[in-house]
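Engineer:
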Amino acid sequence: MEKKFLFPGDTIGIIGESSNGIMLAEAAKKMGFKVIAYNSDEAAPTVQEADLGVVGSLHSKSKLQDFAERCDLVTYESDKVPSDAVELVKQYTQVPQGSEALEITQDRLLERAFLEQMNVNIAPYATIVSLDDIYQAIGSIGYPCVLKPIQKGFGRKRQQVINKQSDIAKCADIIDLGTYVLEAWIPYEKELSVIIGKEFDGKLNFFPIVENVYRDHHLFQSITKSQLEADVQSEVHRIATEIATQLDYVGVLEIAFFLTNSGSLYVKRVVPALHKAGFVFEKATNISMFEVHLRALAQMPIPQVRFVQPTVMVAIKDEDLEPLRTQWVLKDNWFYRFYRYPQTKRMVNPGYLLVLAGTTTEAVQQIEATNIWGDKSAESDTSKEITDEEIQ
251 MEKKFLFPGD TIGIIGESSN GIMLAEAAKK MGFKVIAYNS DEAAPTVQEA DLGVVGSLHS
311 KSKLQDFAER CDLVTYESDK VPSDAVELVK QYTQVPQGSE ALEITQDRLL ERAFLEQMNV
371 NIAPYATIVS LDDIYQAIGS IGYPCVLKPI QKGFGRKRQQ VINKQSDIAK CADIIDLGTY
431 VLEAWIPYEK ELSVIIGKEF DGKLNFFPIV ENVYRDHHLF QSITKSQLEA DVQSEVHRIA
491 TEIATQLDYV GVLEIAFFLT NSGSLYVKRV VPALHKAGFV FEKATNISMF EVHLRALAQM
551 PIPQVRFVQP TVMVAIKDED LEPLRTQWVL KDNWFYRFYR YPQTKRMVNP GYLLVLAGTT
611 TEAVQQIEAT NIWGDKSAES DTSKEITDEE IQ
């Protein structure tokens, strides 16, 4: 299908069920586009924000076709959208992101094979189809390690942390449900994300590197600019450039890394879609992640991304709302974002806040001084590895 420019008045379809959707819909409407949202829940924020909502299953061929035929272009706003659904939509309209990157990254073995061909560091792993395979692989993988199904999206119930030999028996209940990977746990100092906008001609637009903090299996904080050595930043950009260049993809993507105490970098995952870590750029940079994504899809020129101010994003939970009332009337450097509409089962947070300060250290100290979120070091190192939709 011939690639074409999009102009105000053209229709962009948004498919997906994450909190990215409403911000993407708002950004698209500000740019003059009409928005059609595809979701399984008619009360979803993206559907409520869109000019038109199409409600249906991600496996309904007739609904997906009807949706696609109404759009000049479709974008998926989450890497949880099945690649076969995207492949079907591609038959009826433009999907610049394509489906190939999703196919690779939704399968842990395909993703690791893709990364291995570029000789980038990834956690040691083994393919597992039986309990005996775990016993045989543990010698080379070591403790602690994590057993994960090759297909992402099953959640924590299909995963098992193995800290010692007696833990292997706990895998018996899930091992017959499919093929798995046994992955070594990387003891890391920081988890980093780099958000990249990739254009049709392959040009890459880098946002500042973000440091992410996870709690209770969900993204808690994104911090930019993270305090990193120049050689670490250079290596992150080198690896990310190679990965992004190899992917057949247009739009915003995320590449996440583990940074060890020794300064080694391991690629944690590749997300060929918008990622929550990029919410911080609403204030931290001169252009948001969402506008870069839309400009790339519409083949508009993208300005050079410039860092504006140290910013920390904090994900808000329902239980935070009452104690946040005090900060609401005190802090002039705290900016709030709520999704406004009833939350769906896929949205665990009602919104997030952005804290601006002279340095990110000052912002983090201000957040911690409120005691709303407690001690960020409360989680054990091993539990940090098992993270929400980031459980990779």
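The numbering used here applies: residue 251 is where the sequence shown begins, and numbers increase by one. Backbone N, C-alpha and C fix where the C-beta goes; we use that ideal spot for every residue, glycine too.
For the candidate residues 448, 257 and 303, whose alpha-carbon lies nearest to that of residue 272?
Structural biologist: Against the sequence shown, residue 272 aligns to sequence position 22. Checked all of 448, 257 and 303; the closest Cα to residue 272 is 303.
Engineer: What does DSSP give as the partner residues of residue 323 in its beta bridges?
Structural biologist: Counted from its first residue, the sequence shown places residue 323 at position 73. Note: residue 323 sits in a beta bridge opposite 262 and 344.
Engineer: Rounded C-beta distance between residue 544 and residue 277? I'm assuming under 8 Å.
Structural biologist: Residue mapping note: residue 544 aligns to position 294 of the sequence shown, counting from 1. Residue mapping note: residue 277 aligns to position 27 of the sequence shown, counting from 1. Right, their Cβ atoms sit about 6 Å apart.
Engineer: What is the residue span of the alpha helix (DSSP H) that residue 435 lies within?
Structural biologist: Indexing the sequence shown from 1 puts residue 435 at position 185. Where residue 435 is concerned, there is no enclosing alpha helix (DSSP H), given that its DSSP letter is neither H nor E.
Engineer: Quick one: what's residue 284 bridged to in DSSP?
Structural biologist: One-based indexing of the sequence shown puts residue 284 at position 34. Paired residues: 261.
Engineer: If you compare alpha carbons, which of 254, 365 and 437 is closest to residue 324?
Structural biologist: Here residue 324 corresponds to residue number 74 of the sequence shown, with the count starting at 1. The shortest Cα separation from residue 324 among 254, 365 and 437 belongs to 254.
Engineer: When the Cα atoms are used, what is the spatial distance from residue 464 to residue 565?
Structural biologist: Here residue 464 is taken as the residue at index 214 of the sequence shown, counted from 1. Here residue 565 is taken as the residue at index 315 of the sequence shown, counted from 1. Rounded to the nearest angstrom, the two C-alpha atoms are 10 Å apart.
Engineer: Quick one, which of 614, 624 and 556 has its alpha-carbon nearest residue 573's?
Structural biologist: What you label residue 573 is simply residue 323 of the sequence shown in a count that begins at 1. The candidate whose alpha carbon is nearest that of residue 573 is 624.
Engineer: Drop a sphere of 10 angstroms on the beta-carbon of residue 375, count the other beta-carbons inside from all chains shown, and report buried for 16 or more, exposed for fewer.
Structural biologist: For this step, residue 375 is matched to residue 125 along the sequence shown. Looking at its Cβ environment, which holds 16 or more other Cβ atoms inside 10 Å, residue 375 is buried.
Engineer: So which of 567, 589 and 563 has the shortest CA-CA distance to residue 617?
Structural biologist: Here the question's residue 617 lines up with position 367 in the sequence shown. Minimum Cα distance to residue 617 is reached at 563.
Engineer: Rounded to a whole number of angstroms, what is the C-alpha to C-alpha distance between residue 602 and residue 385?
Structural biologist: Position 352 of the sequence shown, counting from 1, holds the residue named residue 602. Position 135 of the sequence shown, counting from 1, holds the residue named residue 385. When rounded, the distance between both Cα atoms is 43 Å.
Engineer: Which same chain residues, not among the five before or five after residue 289, have their C-beta less than 7 Å away from its C-beta?
Structural biologist: For the purposes of this step, residue 289 is identified with residue 39 of the sequence shown, where counting begins at 1. Correct list, in chain order: 267, 296, 297, 303 and 305.
Engineer: Output the boundary residues of the alpha helix (DSSP H) element that contains residue 561.
Structural biologist: Position 311 of the sequence shown, counted from the start, is the residue given in the question as residue 561. Per DSSP, residue 561 belongs to no alpha helix (DSSP H); it is in the beta strand (DSSP E), 561–566.
Engineer: State the DSSP-derived secondary structure class of residue 478, mapped to helix, strand or coil.
Structural biologist: Taking the first residue of the sequence shown as position 1, residue 478 is located at position 228. Correct three-state label for residue 478: coil.
Engineer: Based on Cα-Cα distance, which residue from 553, 608, 265 and 424 lies nearest to residue 327?
Structural biologist: As a working mapping, residue 327 is identified with position 77 in the sequence shown. The shortest C-alpha separation from residue 327 is found at 265.
Engineer: State the DSSP-derived secondary structure class of residue 635, mapped to helix, strand or coil.
Structural biologist: Looking up residue 635 in the sequence shown gives position 385. Legend: pLDDT at residue 635 = 46, less than 50; position of this residue unreliable, value from coordinates given subsequently. Correct three-state label for residue 635: helix.
Engineer: Going by the CB atoms, is the gap between residue 515 and residue 439 shorter than 8 Å?
Structural biologist: Counted from its first residue, the sequence shown places residue 439 at position 189. Counted from its first residue, the sequence shown places residue 515 at position 265. Contact flag unset, no.
Engineer: Tell me the rounded alpha-carbon separation between residue 506 and residue 444.
Structural biologist: For the purposes of this step, residue 506 is identified with residue 256 of the sequence shown, where counting begins at 1. For the purposes of this step, residue 444 is identified with residue 194 of the sequence shown, where counting begins at 1. Approximately 6 Å between the Cα atoms of the pair.
Engineer: Using the C-alpha atoms, what's the distance from residue 568 back to residue 599?
Structural biologist: Here residue 599 refers to the residue found at position 349 of the sequence shown. Here residue 568 refers to the residue found at position 318 of the sequence shown. Roughly 7 Å separates the two Cα atoms.
Engineer: Would you say residue 517 and residue 537 are within 8 Å of each other, going by their C-beta atoms?
Structural biologist: As a first step, residue 517 must be located in the sequence shown, where it is residue number 267. As a first step, residue 537 must be located in the sequence shown, where it is residue number 287. Not a contact, by the Cβ cut-off of 8 Å.
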